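Participant: Here the numbering used here is used: position 259 in the sequence shown is 244, and no number is missing along the way. Here a beta-carbon is modelled for each residue, glycine too, at the ideal position from N, C-alpha and C. Predicted, not measured: the structure shown is a model, and the values here were computed from it. First the structure, which I've put down as structure tokens, then a few questions once you've had a look.
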Amino acid sequence: MQGYGFKLISVAALLIISVWQLFPTLQNSLNNRDLAAMDEAQRAAYLEEHGDDIQATSEEALKLGLDLQGGMHVTLEVGTGALLRELAGTRADDTFDAALAVATEQAETSNEDFVTLFSNAVEAERPGTRLARYFRNTAAEITARSENDDVEAYLRTEVEEALVRAEEIIRQRIDRFGVTEPLIQRQGSSRIVVELPGVDDETRVRDLLKGTAKLTFHLTPPTAEIQQAAAQIFAYYQNEAEEAGTDTTATADSDSTAVADADTAAAVDLSDITAGADAADAAETNPLVGKLQLVQVDPSSNSPIVGQVVESDTAEVARLLADPGAARLIPPGVRFLFTAGPDAGVDVNGEGVYYVVAVNERIELDGEVITDAGPDFDPYTNAPMVSLTMDGAGGSRWSQITGANRGKPVVIVLDDLVYTFPTINERIPNGRTQISGQFSLQEVNDIVTVLKSGALPAPVTIVEEQTVGPSLGAASIKAGTRALLVGFVLVCIFMVIYYRSAGLIANVALLLNVLFIFGVLASFGATLTLPGMAGILLTIGMAVDANVLIFERIREEMASGKTMKAAVEGGFAKALSAIADANVTTFLIGVILFSFGVGPIQGFAVTLMAGILTSLFTALVVTRLLIDYLVTERGMNVAFG
């Protein structure tokens, strides 16, 4: 085959590389089949001996997308509004709150970025307002006289940095979660798309992704103050119920009396409301009765517990405590928070019991001082817990806090949930502490993961979630494979019937084309998805189209009286422009889809682009090589229909 050396070497090299890249995929498939056929004991023994090799082969195999192997697809939205509120801090006023609410509502339907929407909303609420009044920052050179354009630029920078930081933190959490080949990427100006193949624990993933990991340490108000506030809140709802049941045309004086009665409710005996034969009647008139069970303790006990709530009532009690009329009765600088989980030692009719705990709003210490976190076990109960290590400044402050508050509780809060509130027995000088509670080892590991990854710069919410089960993924593989085989066979039959021996040559090139596509995907570590398989089927059609164009031009050349060799030469030359035009245009569309699409769209784009490149190669190189060999070297007359 003199003169065809370069083409032959190119085809052989690509064939060898493709087979080499696809070998781990074949080996991985055989490994999975063998493991599935073993019982539990055999599988454990086999993995003990060959686990490293199996893992290495699995990592090198062609990756399958969520739709083919199952898993979760989650779209997260970073709370830009919450970030702006945090940047404004105590400078936020009614105008700020109203503008933020308007911007949040508009963001759901507008293409404008959140900062622009907020700036426009502030101008609409109070024309001429300088944004600098809310966002003065010496480090960023934002002063009271800064123009709104400068402040907007500063805010956009903060939002962008928050999104980048959130993406990195989520990536670190997922990496520690142990997911193989996760996909984490930005979408738009405030969203992050996460794909987790093979994951089936949806609740754990949600908690891991959404948790802001804001760790804070708080002291507590006096127990007597907590009890007085609780009594006032109960009295407030009692008065509300009584007034609602009397004259609905009552004047403002009645409301004032109700609040005044609540404010002076320190002497109310709550047992008169919640005990005895009147309990049922009280529950009908006071929504807190029967839901928030107050804990009666000695006022001098330093207990931070307000009361206990069964799991099914936590949402309702949280709503009642957040009511503006009730919230104003909570002492200034104090917050009522729920415990993170139920008390393992207490239940009511089979339901878990949560506690409402009073904490001072002032943060004595935050998670920024934590240098390390790890799982540990309580030396007395052997229960799992989280061990924390602080930096020098944090350790010094922790020593001061524990030294000055012996006998008092310190509340450890993570993402506004109380995890533990131990009583300080002595000063802790070494900057170490523990988060204990009713944790499983998995929960401890998840807390360690979010703490070590760091706190998210702004809250994130899940705006879209899709879960694909493994069985559905297996069905998708079968359906996709069947579609590929049927399409391939039908095309091959058509080519042989219509183009005869030239059709056989095209089929050989088509077979190599499919092999090359999978080889390219494996080489670049691409993920094969169900839309990707559709892309492969489409490129099979495009490869056939290229061969059809070539064969038709050759037939035209032969009809004009040219020899077989000259007809082949002229046919390839005349078909080249049409083939290039169609394939280059489609390739550019694939680039656009890959650049702006996410998830399944990107999977389709990847296989489409890979298929176009291999289709061009097989049509212009492989087909030409085979025809030239048969015509020139063997002297055969190839039939083109």
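Using CA coordinates, which residue listed in L615, V445 and V607 is at the minimum distance from L(-7)?
Facilitator: As a working note, residue -7 is residue 8 in the sequence shown. For L(-7), the nearest C-alpha among the options comes from V607.
Participant: Does the segment 588 to 596 come within contact of the segment 537 to 553, defined as at least 3 CB pairs closer than 8 Å?
Facilitator: no
Participant: Only counting the same chain, and skipping five residues up and downstream in sequence, which positions put a Cβ closer than 7 Å to that of S(-5)?
Facilitator: Taking the first residue of the sequence shown as position 1, residue -5 is located at position 10. Answer for S(-5): V606, listed in chain order.
Participant: Counting only the same chain and skipping the five closest in sequence on each side, list residues whose C-beta sits under 8 Å from that of L273.
Facilitator: Walking along the sequence shown from the start, residue 273 turns up at place 288. I218, F219, Y222, V302 and L305, listed in sequence order.
Participant: DSSP puts L200 in a beta bridge; with which residues?
Facilitator: The residue given as residue 200 occupies position 215 in the sequence shown. According to DSSP, L200 bridges with L399.
Participant: Using the C-alpha atoms, what's the distance from S421 back to P289?
Facilitator: As a working mapping, residue 289 is identified with position 304 in the sequence shown. As a working mapping, residue 421 is identified with position 436 in the sequence shown. Approximately 17 Å, taken between the alpha carbons.
Participant: Can you give the beta carbon distance from P167 to V179, rounded, assuming they're within the 8 Å contact cut?
Facilitator: Numbered from 1 along the sequence shown, position 182 holds the residue referred to as residue 167. Numbered from 1 along the sequence shown, position 194 holds the residue referred to as residue 179. Yes, they are in contact, since the Cβ atoms of P167 and V179 sit about 7 Å apart, within 8 Å.
Participant: Measure the C-alpha to C-alpha separation of V107 and Y139 and round it to an integer number of angstroms.
Facilitator: Start at 1 with the first residue of the sequence shown, and residue 107 comes out as number 122. Start at 1 with the first residue of the sequence shown, and residue 139 comes out as number 154. Looking at the two C-alpha atoms, the distance is approximately 16 Å.
Participant: Along the chain, which unbroken stretches of the alpha helix (DSSP H) at least 4 residues long are found entirely within the segment 432 to 509?
Facilitator: 455 to 484 and 486 to 508
Participant: For R317, which option in L561, A343 and I2 has the closest C-alpha, if you only look at C-alpha atoms?
Facilitator: Numbered from 1 along the sequence shown, position 332 holds the residue referred to as residue 317. Reading off the sequence shown, one finds Pro at residue 317, where the question assumed Arg. For the residues L561, A343 and I2, the minimum Cα distance to P317 belongs to A343.
Participant: Should G50 and L513 be called a contact, given that it needs their Cβ atoms to be closer than 9 Å?
Facilitator: Along the sequence shown, read from residue 1 onward, the residue named residue 50 stands at position 65. Along the sequence shown, read from residue 1 onward, the residue named residue 513 stands at position 528. In contact: G50 and L513 (Cβ atoms closer than 9 Å).
Participant: Below 7 Å CB to CB, which residues in the same chain sit around T89 once its five sequence neighbours on both sides are set aside?
Facilitator: As a first step, residue 89 is located in the sequence shown; it is residue number 104 there, counting from the start. Once the five neighbours on either side are set aside, the close Cβ partners of T89 are G66.
Participant: If you measure between the beta carbons of T60 and R176, is that distance less than 9 Å?
Facilitator: If you number the sequence shown from 1, residue 60 lands on position 75. If you number the sequence shown from 1, residue 176 lands on position 191. Result yes, Cβ atoms of T60 and R176 sit closer than 9 Å.
Participant: Express the C-alpha separation of L610 and V4 in angstroms, rounding to a whole number.
Facilitator: Your numbering for residue 4 matches position 19 in the sequence shown. Your numbering for residue 610 matches position 625 in the sequence shown. Their backbone Cα atoms lie some 21 Å apart in a straight line.
Participant: In the DSSP assignment, the alpha helix (DSSP H) including Q293 goes from what residue to what residue?
Facilitator: Sequence index remark: in the sequence shown, residue 293 carries index 308 (1-based). From DSSP, Q293 is part of no alpha helix (DSSP H) but of the beta strand (DSSP E) over I290 to V295.
Participant: Are at least three pairs of beta-carbons, each pair with one atom in the segment 469 to 478 and one in the segment 487 to 495, less than 8 Å apart?
Facilitator: yes
Participant: Which of the three DSSP states, helix, strand or coil, is assigned to P394?
Facilitator: As a working note, residue 394 is residue 409 in the sequence shown. Strand at P394.
Participant: Take every Cβ of the segment 22 to 37, pair it with every Cβ of the segment 104 to 122, and state whether three or more of those distances are shorter than 8 Å.
Facilitator: no
Participant: Less than 7 Å between C-beta atoms, sequence neighbours within five positions excluded: which residues of the same chain meet that for A147?
Facilitator: Translated into positions along the sequence shown, residue 147 becomes position 162. The answer, listed in chain order, is V63, L68, P442 and A443.
Participant: What are the boundary residues of the alpha helix (DSSP H) that includes E537?
Facilitator: On the sequence shown, residue 537 is found 552 positions in, with the first residue counted as 1. L515 to A544 is the span of the alpha helix (DSSP H), which, as asked, contains E537.
Participant: Give the straight-line distance between the Cα atoms of R417 and T188, rounded to the nearest whole angstrom.
Facilitator: Residue numbering aside, residue 417 sits at position 432 when the sequence shown is read from its first letter. Residue numbering aside, residue 188 sits at position 203 when the sequence shown is read from its first letter. When rounded, the distance between both Cα atoms is 31 Å.
Participant: Quick one, which of F99, T434, V398 and D19 has its alpha-carbon nearest T205's?
Facilitator: In the sequence shown, counting from the first residue as 1, residue 205 sits at position 220. Measuring from the Cα of T205, the nearest candidate turns out to be V398.
Participant: My guess is that L200 and L436 are in contact by the Cβ rule of under 8 Å, so how many angstroms apart are they, rounded?
Facilitator: To locate residue 200, count along the sequence shown from 1; it is residue 215. To locate residue 436, count along the sequence shown from 1; it is residue 451. For a cut-off of 8 Å, the C-beta gap from L200 to L436 is around 6 Å, short enough to register as a contact.
Participant: Which partner residues does Y340 have in the DSSP bridge list?
Facilitator: Position 355 of the sequence shown holds residue 340. As DSSP reads the structure, Y340 sits in a beta bridge with Q293.
Participant: May I have the straight-line CA-CA distance separating N410 from Q170, to the nearest angstrom?
Facilitator: Numbered from 1 along the sequence shown, position 425 holds the residue referred to as residue 410. Numbered from 1 along the sequence shown, position 185 holds the residue referred to as residue 170. Taking the straight line joining both Cα atoms gives about 47 Å.
Participant: In the structure shown, what three-state DSSP assignment does N568 receive?
Facilitator: Along the sequence shown, one-based indexing puts residue 568 at 583. Shown here, N568 sits in a helix according to DSSP, grouped into three states.
Participant: Measuring only the C-alpha atoms, how far is F503 from L7?
Facilitator: Residue numbering aside, residue 503 sits at position 518 when the sequence shown is read from its first letter. Residue numbering aside, residue 7 sits at position 22 when the sequence shown is read from its first letter. Those two C-alpha atoms are separated by around 7 Å.
Participant: Contact check, G488 vs V499 under 8 Å by CB: the rounded distance?
Facilitator: On the sequence shown, position 503 is the one that residue 488 refers to. On the sequence shown, position 514 is the one that residue 499 refers to. Contact flag wrong, Cβ pair sits at about 17 Å.
Participant: With DSSP run on the structure shown, which of helix, strand or coil describes T89?
Facilitator: By 1-based counting over the sequence shown, the position of residue 89 is 104. In the three-state DSSP reduction, T89 falls in the helix class (H, G or I).
Participant: Is L61 a contact residue of the ligand COA, with contact defined as CB to any heavy atom under 8 Å?
Facilitator: You won't find the ligand COA in this model; it holds no ligand whatsoever.
Participant: Within the continuous beta strand (DSSP E) that includes I177, where are the two ends?
Facilitator: Residue mapping note: residue 177 aligns to position 192 of the sequence shown, counting from 1. Where I177 is concerned, the enclosing beta strand (DSSP E) stretches over R176 to P182.
Participant: So, with DSSP's three-state summary, where would you put Q281?
Facilitator: Against the sequence shown, residue 281 aligns to sequence position 296. Coil, per DSSP.
Participant: Let me confirm a value: V295 is counted as buried when at least 16 other C-beta atoms fall within 10 Å, else exposed. Which label applies?
Facilitator: Against the sequence shown, residue 295 aligns to sequence position 310. When all chains shown are included, V295 counts as buried.
Participant: Mind checking E143: buried by the 16 CB within 10 Å criterion, or exposed?
Facilitator: Residue numbering aside, residue 143 sits at position 158 when the sequence shown is read from its first letter. Buried: at least 16 other Cβ atoms inside 10 Å.
Participant: Which full runs of the alpha helix (DSSP H) of 4+ residues lie inside the segment 76 to 157, going along the chain?
Facilitator: 79 to 92, 99 to 110 and 117 to 120
Participant: Using a Cβ-Cβ cut-off of 6 Å (strictly less than) and excluding sequence neighbours within five positions of G337, which residues of its own chain qualify?
Facilitator: For this step, residue 337 is matched to residue 352 along the sequence shown. Contacts found: E296 and P327.
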